[in-house]
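Numbering of the sequence shown is given in the numbering used here, commencing with residue 44 and proceeding in unit increments. Quick notes on the structure that follows.
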Amino acid sequence: QLRDEYGQASNIKSKSTRTNVQSAIESILSRLKYISKPPENGLVIFCGAVAAGADKTEMEVYILEPPEPINIYKYHCDSRFFLEPLEEMLKDKKTYGLIVLDRREATIGILRGKTIEALRYLTSNVPGKHRQGGQSARRFERLREIAIHEFYKRIGDAASEIFLSIDPKDLEGILIGGPSPTKEEFYKGGYLHHELQKKVIGLFDVSYTDDTGLYELVENASEALEQHDLVREKELMRRFMRELAKEDGGLAVYGEEEVRRNLMMGSVDILLISEDLRKVRVKYRCQSCGHKEEVTLSDGSQPLQKKCPKCGGEMSAEETKDIVKELSEIAEQMGTKVEFISTEFEEGEQLLKAFGGMAGILRYRTS
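This is the structure we're talking about:
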C-alpha cells in the first residue's frame, strides 16, 4: 500500500512537496525491512521533512508502539502529524455504568473515556394498562405490577452480572436514565446490588431506552459527571491533608524526592499528580568516565551544561522523559493508583504550588 502511495505522490504539483513526501515514504519502507514482527499493540510511524534553517530540511522519523491495540491501517499525508487517535488513547479512561429503562425495554452499557458500548438489551412482558373497571381491572393491575417487578429484577440481575465483573476501583459510578416514575421506582426499589446502589451518581430523564438512550443519558449527565470528578478529587486531597496534619505526618508524602523514594519502595497506595505539572526528567552521562545522573527540569527548558562530579569531564543529556509519564509507569509496576488533580479548586492549586505538583497517600508508614 505504501508503494501505491509513493506512485500517487508523483502527481503532487509542487516539486519540493513531492520530493519530501516520496523521501518520507522511502524512509519508512527502508525501516520496515528491519521490523520482522509488529509489536503486540501495533506500530505507529511518523515521518516528515522538518525545516533545519537556511532553506534546508531534515527527515525525522519516530517509530512507536501505541499504548492500546490498533486494528486499522491508516496512511495520512499532511503538513502536521495526525495525533488525534493517540491523544484519545492517552486520555483518562474512567468507566461508568449506564442503565436506561422504561416498563417495555432496558439497555445496559458502559462509558469508557468517550466510548459508549451497549452490552445488554432486555424486553419485558408487561401488558398495557387495563381500560375497564371493576374486580377484573384490579386483578389485571396486580398481575401487571408483578410483571413490572420481575422486569426490574431482571434488569438488576443483568446490571450486577456486568458491573460487578469490573474492578471496583475502575467503576467510577452508575447513571440511570428513563422516564418518571420508572427510573425512580427502579432505583428506590432495591433492585440493584447494594455495592452498585452506592455508586449511583444520579437519575436523568431520557426519551429513548435503546442504544440511542445511552448516548442521550451521557449527554444529559455531562454536568453531573464533571461535578462527580471534582468531588472525588476534593475528597482525595482532603484525605491527603488529614494525613499530613497528623503529628507524625501520617500516611502522606509530598515533593519529588520523597514521592519518588516511596514509589520505588512500593509503599504508595495513591499517587496524586497535578494536571498542570509540566516537568521533564533528564538523564546525563559523563563522556569520559561513564558516571550517570538524573535531573528534573521545567518542561521546555534547555538541558543544563553539567560537569562530572567524579572526573570533571563534560556530561551530555542521554534521555529526556516527561515526568508524569515516568512516574505513572513506575506506579503501574508497583500497583499504585494514579489520580490526576485539577487546579480548579483550592486544594488542587495547593498541590501544584505548595507540594511540587505531586504527593502520595501511603499504604504504610516508612522512615
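Just so you know, even glycine gets a beta-carbon here, dropped at the ideal spot from N, CA and C.
Using three-state DSSP, classify ILE115 as helix, strand or coil. Looking up residue 115 in the sequence shown gives position 72. Per DSSP, reduced to three states, the secondary structure at ILE115 is coil, with no helix or strand assignment.
Are there 16 or more other CB atoms within 10 angstroms of the CB of MET280, so buried, or fewer, so exposed? Taking the sequence shown and counting its residues from 1, one reaches residue 280 at position 237. It is buried - the Cβ of MET280 has at least 16 other Cβ atoms within 10 Å.
Along the chain, where does the alpha helix (DSSP H) containing PHE229 start, and where does it finish? Position 186 of the sequence shown, counted from the start, is the residue given in the question as residue 229. In the DSSP annotation of this structure, the continuous segment of the alpha helix (DSSP H) that includes PHE229 starts and ends at 225 to 231.
TYR420 (DSSP reduced to helix, strand or coil): Here the chain has residues from 44 to 410 only, and residue 420 is not among them.
Which residues in the same chain have their Cβ closer than 6 Å to the Cβ of GLU357, if we skip the five residues on either side of it in sequence? Stepping through the sequence shown from its first residue, residue 357 is reached at position 314. Within the same chain, GLU357 has close Cβ partners GLN330.
Going by Cα to Cα distance, which pick from LEU239, GLU262 and ILE244 is closest to SER250? By one-based count along the sequence shown, residue 250 stands at place 207. It is GLU262 whose Cα lies nearest to the Cα of SER250.
Just confirm the distance between the C-beta atoms of ILE244 and HIS271, as a whole number of angstroms; I'd bet it's less than 8 Å. Counted from its first residue, the sequence shown places residue 244 at position 201. Counted from its first residue, the sequence shown places residue 271 at position 228. Between HIS271 and ILE244 the Cβ distance is about 5 Å, and since that is below 8 Å, they are a contact.
Could you name the residues of the same chain whose beta carbon sits closer than 8 Å to that of LYS380, not counting the 5 residues immediately before and after it, in chain order? Working through the sequence shown from its first residue, we reach residue 380 at position 337. Excluding positions up to five away in sequence, the list reads LYS212, ASP312, ILE313, LEU314 and ALA374.
Decide if ALA202 is buried, meaning its Cβ has at least 16 other Cβ atoms within 10 Å, or exposed. Reading the sequence shown from its first residue, position 159 is the one you call residue 202. It is buried - the Cβ of ALA202 has at least 16 other Cβ atoms within 10 Å.
At what residues does the beta strand (DSSP E) containing TYR164 begin and finish? Your numbering for residue 164 matches position 121 in the sequence shown. Where TYR164 is concerned, the enclosing beta strand (DSSP E) stretches over 158 to 166.
With ASP254 as the anchor, note down where its alpha helix (DSSP H) starts and where it stops. If you number the sequence shown from 1, residue 254 lands on position 211. Counting along the chain, the alpha helix (DSSP H) containing ASP254 begins and ends at 254 to 263.
How should VAL64 be labelled, buried or exposed, when 16 other C-beta atoms within 10 angstroms of its C-beta is the threshold for buried? Your numbering for residue 64 matches position 21 in the sequence shown. Label assigned to VAL64: buried.
Please classify ILE209: does DSSP put it in a helix, a strand, or coil? Here the question's residue 209 lines up with position 166 in the sequence shown. Correct three-state label for ILE209: coil.
Skipping 5 residues on each side, what residues in its chain have a beta carbon closer than 8 Å to that of ILE113? One-based indexing of the sequence shown puts residue 113 at position 70. Here the set comprises ASN84, GLY85, VAL87 and PRO128.
Does DSSP put ILE55 in a helix, a strand or coil? Along the sequence shown, read from residue 1 onward, the residue named residue 55 stands at position 12. Three-state DSSP puts ILE55 in coil, outside helix and strand.
Can the beta-carbon of LEU257 be found less than 8 Å from the beta-carbon of GLY140? Position 214 of the sequence shown, counted from the start, is the residue given in the question as residue 257. Position 97 of the sequence shown, counted from the start, is the residue given in the question as residue 140. No. Outside cutoff.
If the criterion is Cβ atoms closer than 8 Å, does the pair ILE404 and ALA288 meet it? The residue you call residue 404 lines up with position 361 of the sequence shown. The residue you call residue 288 lines up with position 245 of the sequence shown. No, these two residues do not count as a Cβ contact at 8 Å.
Since ALA402 contacts VAL302 with CB under 8 Å, what's their CB separation in whole angstroms? For the purposes of this step, residue 402 is taken as residue 359 along the sequence shown, with counting starting at 1. For the purposes of this step, residue 302 is taken as residue 259 along the sequence shown, with counting starting at 1. ALA402 to VAL302, Cβ: 7 Å. Contact.
Counting beta carbon pairs with one atom in the segment 180 to 199 and one in the segment 98 to 118, are three or more of them shorter than 8 Å? no
On the DSSP bridge assignment, give the partners of GLY96 in chain order. Within the sequence shown, numbered from 1, the residue matching residue 96 stands at position 53. For GLY96, which the question treats as bridged, DSSP gives the partners LYS99.
Near ALA67, which residues of its chain fall below 6 Å by C-beta distance, leaving aside the five closest residues on each side in sequence? Along the sequence shown, read from residue 1 onward, the residue named residue 67 stands at position 24. CYS90 and GLY91, listed in sequence order.
According to DSSP, is THR60 helix, strand or coil? For the purposes of this step, residue 60 is taken as the residue at position 17 of the sequence shown. Here THR60 sits in helix by DSSP.
Taking 8 Å as the limit between beta carbons, can you name the residues of its chain near ASN305, skipping five residues before and five after? By 1-based counting over the sequence shown, the position of residue 305 is 262. Closer than 8 Å at Cβ, skipping near neighbours: VAL296, VAL311, GLY403, LEU405 and THR409.
Can you check DSSP and say which residues form a bridge with ILE219? The residue you call residue 219 lines up with position 176 of the sequence shown. Beta-bridge pairing links ILE219 to ILE142 and LEU246.
Kindly indicate the opening and closing residues of the beta strand (DSSP E) around ILE313. Sequence index remark: in the sequence shown, residue 313 carries index 270 (1-based). 311 to 317 is the extent of the beta strand (DSSP E) around ILE313.
Which residues DSSP lists as bridging PHE383, in chain order: By 1-based counting over the sequence shown, the position of residue 383 is 340. Bridge partners of PHE383: ILE316.
Going by C-alpha to C-alpha distance, which of ILE71, ARG282 and LEU395 sits closest to GLU411? Limits of the chain in this structure are 44 at one end and 410 at the other, which puts residue 411 out of reach.
Alpha carbon to alpha carbon, what distance is there between GLN44 and SER59? Residue mapping note: residue 59 aligns to position 16 of the sequence shown, counting from 1. Residue mapping note: residue 44 aligns to position 1 of the sequence shown, counting from 1. Going by the C-alpha atoms only, they are around 23 Å apart.
Cut-off 8 Å between Cβ atoms - residues of its own chain near LEU320, not counting five sequence neighbours on either side: As a position in the sequence shown, residue 320 is number 277, starting the count at 1. So the qualifying residues of the chain are ILE366, VAL367, LEU395, GLY400 and MET401.
When you compare only the Cα positions, how much space is there between ARG155 and GLU111? One-based indexing of the sequence shown puts residue 155 at position 112. One-based indexing of the sequence shown puts residue 111 at position 68. A straight line joining the alpha-carbon of ARG155 with that of GLU111 spans about 14 Å.
Nearest-angstrom Cα separation, counted from LEU126 out to ARG187: Residue mapping note: residue 187 aligns to position 144 of the sequence shown, counting from 1. Residue mapping note: residue 126 aligns to position 83 of the sequence shown, counting from 1. For ARG187 and LEU126, the distance between alpha carbons rounds to 54 Å.
Nearest CA to the CA of LYS1: which residue from ILE316, ARG61, MET308 and ASP145? Missing from the structure shown is residue 1; the chain here goes from 44 to 410 and no further.
Mark VAL104 as exposed unless 16 or more other C-beta atoms lie within 10 angstroms of its C-beta, in which case mark it buried. Looking up residue 104 in the sequence shown gives position 61. Exposed, since its Cβ has fewer than 16 Cβ neighbours within 10 Å.
Considering only DSSP beta bridges, list what TYR105 is partnered with. As a position in the sequence shown, residue 105 is number 62, starting the count at 1. Paired residues: PHE89.
In chain order, which continuous runs of the alpha helix (DSSP H) of length 4 or greater are located wholly inside the segment 272 to 360? 299 to 308
Measuring only the C-alpha atoms, how far is GLU228 from GLU278? Your numbering for residue 228 matches position 185 in the sequence shown. Your numbering for residue 278 matches position 235 in the sequence shown. If you take the alpha carbons of GLU228 and GLU278, they lie about 30 Å apart.
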